[in-house]
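J.: First, the structure itself, so that you have it in front of you.
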Amino acid sequence: PLCVIMDTDYSSGLENPLFSELKYFCRKIQEAYNELKEDLTPHRDDRFYRLAPMRLYTLSKRHFVLVFVVFLLCFGLTVFIGIAGPRIIAEQEHNGDHVVAKNFSVKTGPFSLQSPPLTTYNQQLWLTCLMQAENSNMGDFQQPFDINVELNGVMQDASMMHINAVQQKSRTLHCGAKCDEIIVLHLGYLNYTQYKVSVSFRGLENITYEIKVKFVWKTYNPTFSQVEIWFRFVFVVLTFMVTCMFAHSLRKFSMRDWGIEQKWMSILLPLLLLYNDPFFPLAFLVNSWFPGTLDAFFQALFLCALLLFWLCVYHGIRVQGERKFLTFYLPKLIIVGLLWLSAVTLGIWQTVNELSDPTYQNNMDIAHFQGMKVFFLIIVSLYILYLIFLIVRACSELKNMPYSDLRLKFLTALTFVVLVISVIILYLRFGAKALQKSFVAELSTHYQNYILSAGFNDIPAEFLSFYGLLNFYLYTLAFVYSPSKNALYDSQLKDNPAFSMLNDSDDEVIYGSDYEDLPLQNGRAIKATAKYQDETDSD
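Numbered according to UniProt numbering, the sequence shown spans residues 1 to 539.
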């Protein structure tokens with residue numbers, strides 16, 4: 001044994017100092033990771049009495065009604081501002097008979113078109129074509145044809161800059177009572193103060209009925225762009241204030257004491273700040289695709305995080321012990337991650353192709369678009385079924401647990417109201433065929449690029465209502481999930497044996513210590529220990 005000890009000491013003395021430092025560094029990292037893991041996933045026995053209380057438990061029925069009324073009033077205010085605000089789209093129409101070349105038919109072209117003068121406040125530019133068959137007795141029909149587009153930019157000195165070669169795209173003329181609007185080209189950002197376009201058709205010259213052709217330039221109304229800047233700025237400031245207040249209310253509680261809703265709100269509120277896009281004014285300072293793509297990325301990130309929040313909370317309310325990554329988080333991350341990947345991939349694909357070809361459209365020019373659509377619908381259906389399963393399980397298991405049942409009922413009621421309002425807005429915007437006509441818009445999550453599809457009603461109420469709905473939804477959750485003013489003081493009294501039996505209500509005596517939000521006094525102040533409370537608050 002003495003030889004072994006001597007050999008060990010001898011080998012340790014010859015050990016490389018750099019290797020020793022590396023081992024020490026790795027050991028410190030492992031210790032820090034274990035401490036963080038312990039904070040985030042406390043033991044089952046500790047969890048029930050250590051969680052930070054929520055304001056949710058101190059609210060009476062009257063307060064709950066008041067919370068919903070204030071939420072609906074704030075949402076209604078954004079809708080009213082949207083209805084009273086300026087129109088989103090500025091349009092300029094051109095009759096095909098007036099812009100077609102001499103001695104040519106409107107069935108073939110070419111058509112020479114010049115856009116209105118543009119500024120950065122116009123943000124984007126669309127050219128659409130609307131055809132109408134003269135024979136109204138033909139009923140529903142489809143006619144495939146090719147469209148050729150040549151785009152040129154006009155410099156400030158009136159010189160012409162050739163942007164791209166002639167692009168030929170296959171499109172389908174679909175007519176019922178009215179013909180569907182065809183998007184000829186779309187520019188996500190504006191490099192020139194004016195554009196000139198030459199358009200011609202091939203494949204319509206042999207049809208026997210007469211058609212009327214109308215071209216429409218569409219851009220953002222500069223007045224609406226200014227309103228949008230201020231609207232986003234207001235929500236950025238409000239979200240920053242709510243985030244700071246929420247973090248301040250939890251400052252005296254260790255992270256291990258936070259409930260799952262409070263942990264998720266600490267993630268969602270910063271993401272909501274990005275969703276409101278504090279970098280949005282960059283779009284008016286630089287002529288680049290980057291600000292718009294960044295905005296779309298932030299929106300997709302926040303919306304998918306919100307979907308993940310619903311899954312984790314409805315599952316986590318009834319799973320009070322350690323939540324393992326493989327069994328708790330991984331299935332949810334796969335489902336929501338596929339939705340996020342679909343949205344971001346399609347949005348980036350559209351942007352990259354539009355840079356080289358303004359006539360590009362995902363739903364027309366991707367060969368496997370229908371396959372992507374089916375894949376997306378399968379993932380959405382799987383998410384909905386999984387969420388319904390978690391809600392049903394939570395309702396059945398927690399219906400006799402007052403505190404957990406209250407958390408479940410409030411989140412379900414508020415989320416249901418938000419979803420109903422969202423469905424109503426989508427139906428008013430797109431009609432009954434919303435999914436078929438606006439699939440790209442729903443995937444991209446960037447309302448700006450696709451507001452022209454499905455006959456969008458040209459008022460900013462939809463934009464303002466969606467932004468207001470999601471912002472006020474998160475503000476309401478932050479309010480009810482934040483600890484009350486005396487939460488730390490009350491929890492310390494509950495853990496103090498000298499006061500615990502004196503201050504227990506009848507309900508608390510009956511329910512005991514089996515709930516994670518036990519340290520509550522229902523908002524009652526205890527005069528006998530006011531001095532102790534003041535000392536705690538001063539700390």
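The beta-carbon is built from N, C-alpha and C at its ideal position, and this holds for glycine as well.
1) I need the straight-line Cα distance from THR128 to GLY316, nearest angstrom please.
2) What is the DSSP secondary structure of THR172, counted as helix, strand or coil?
3) Just to confirm the assignment, what range does the alpha helix (DSSP H) spanning PHE240 have?
4) What residues in its chain sit with their C-beta under 6 angstroms from that of VAL213, if we drop five residues either side in the sequence?
5) Going along the chain, which residues of its own chain have a beta-carbon closer than 8 angstroms to the beta-carbon of ASN16, five neighbours each way excluded?
6) From this set, TYR57, TYR24, GLU31 and LEU22, which residue's C-alpha is nearest LEU408's C-alpha?
7) I think THR193 touches PRO117, with their Cβ atoms under 8 angstroms apart; what is that distance to the nearest whole Å?
8) Would you tell me roughly how many angstroms separate the C-alpha atoms of TYR24 and PHE325, rounded to the nearest one?
9) DSSP three-state call for LEU187: helix, strand or coil?
10) Under 8 angstroms, with one C-beta from each stretch per pair, do the segment 336-345 and the segment 294-308 reach the 3-pair mark?
11) What's the gap between the Cα of LEU274 and the Cα of ALA478?
12) Among the residues of its own chain, which have a CB less than 7 angstroms from the CB of PHE284, if the five just before and after it don't count?
13) If you count every other CB in all the chains shown that lies within 10 Å of the CB of ASN221, and 16 or more means buried, which is it?
14) Helix, strand or coil, according to DSSP, for LEU306 in the structure here?
15) Using the rule of at least 16 other Cβ atoms within 10 Å of the residue's Cβ for burial, across every protein chain shown, is ASP257 buried or exposed?
16) In the segment 248-333, which residue ranges form an unbroken alpha helix (DSSP H) of at least 4 residues, counting only runs that do not cross its ends?
17) My output table needs one value for ALA90: the three-state DSSP class, helix, strand or coil.
18) Do LYS218 and GLU91 come within 7 angstroms of each other at the CB atom, strictly closer than that value?
19) At a cut of 8 angstroms, does the segment 193-210 reach the segment 69-83 through at least three beta carbon pairs?
20) Taking 7 angstroms as the limit between beta carbons, can you name the residues of its chain near SER115, skipping five residues before and five after?
21) Helix, strand or coil, according to DSSP, for PRO117 in the structure here?
22) Whose C-alpha, out of SER170, HIS186, HIS63 and ALA177, is nearest the C-alpha of THR351?
23) Going along the chain, which residues of its own chain have a beta-carbon closer than 8 angstroms to the beta-carbon of GLU397, five neighbours each way excluded?
24) What does a CB cutoff of less than 7 angstroms around LEU390 pick up in its chain, not counting 5 residues either side in sequence?
25) Applying the 10 Å Cβ sphere with the 16-neighbour rule, what's the burial state of CYS175?
26) For PRO53, count neighbouring Cβ atoms within 10 angstroms of its own Cβ and tell me buried if that reaches 16, exposed if not.
27) Can you tell me which residues form a DSSP beta bridge with LEU127?
28) Exposed or buried, ASP295, counting other C-beta atoms within 10 Å across all chains shown (16 or more means buried)?
29) For LEU113, which residues of its own chain have a beta-carbon under 8 angstroms away from its beta-carbon, when the five flanking residues on both sides are left out?
30) Quick one, which of GLU210, LEU333 and PHE298 has its alpha-carbon nearest ASP277's?
31) Let's see if you can read the secondary structure: which residues bound the beta strand (DSSP E) around PHE104?
32) How far does the beta strand (DSSP E) with LYS399 in it reach, from first residue to last?
33) Distance check for GLU181 and ASN191, CA to CA, integer angstroms please.
34) Can you tell me which residues form a DSSP beta bridge with PRO144?
35) Leaving out the 5 sequence neighbours to the left and right, which residues in its chain are closer than 7 angstroms to residue 547 when beta-carbon positions are compared?
36) Is the Cβ-Cβ distance between VAL227 and GLY85 less than 7 angstroms?
T.: With the structure as the only source:
1) 49 angstroms
2) strand
3) 222-249
4) GLY96, VAL106 and MET131
5) none
6) TYR57
7) 6 angstroms
8) 28 angstroms
9) strand
10) yes
11) 17 angstroms
12) THR120 and TYR121
13) buried
14) helix
15) buried
16) 260-275 and 290-316
17) strand
18) yes
19) no
20) LEU125, GLN194, TYR195 and TRP217
21) coil
22) HIS186
23) ARG318
24) LEU311, TYR314 and HIS315
25) buried
26) buried
27) LEU185 and TRP217
28) buried
29) HIS94, VAL99, LEU127, LYS196, VAL197, SER198, VAL199, PHE215 and TRP217
30) PHE298
31) Note, PHE104: premise wrong, no beta strand (DSSP E); not H, not E.
32) Per DSSP, LYS399 belongs to no beta strand (DSSP E) and is neither H nor E.
33) 26 angstroms
34) THR172
35) Since the displayed the chain opens at 1 and closes at 539, residue 547 lies outside it and no answer follows.
36) yes
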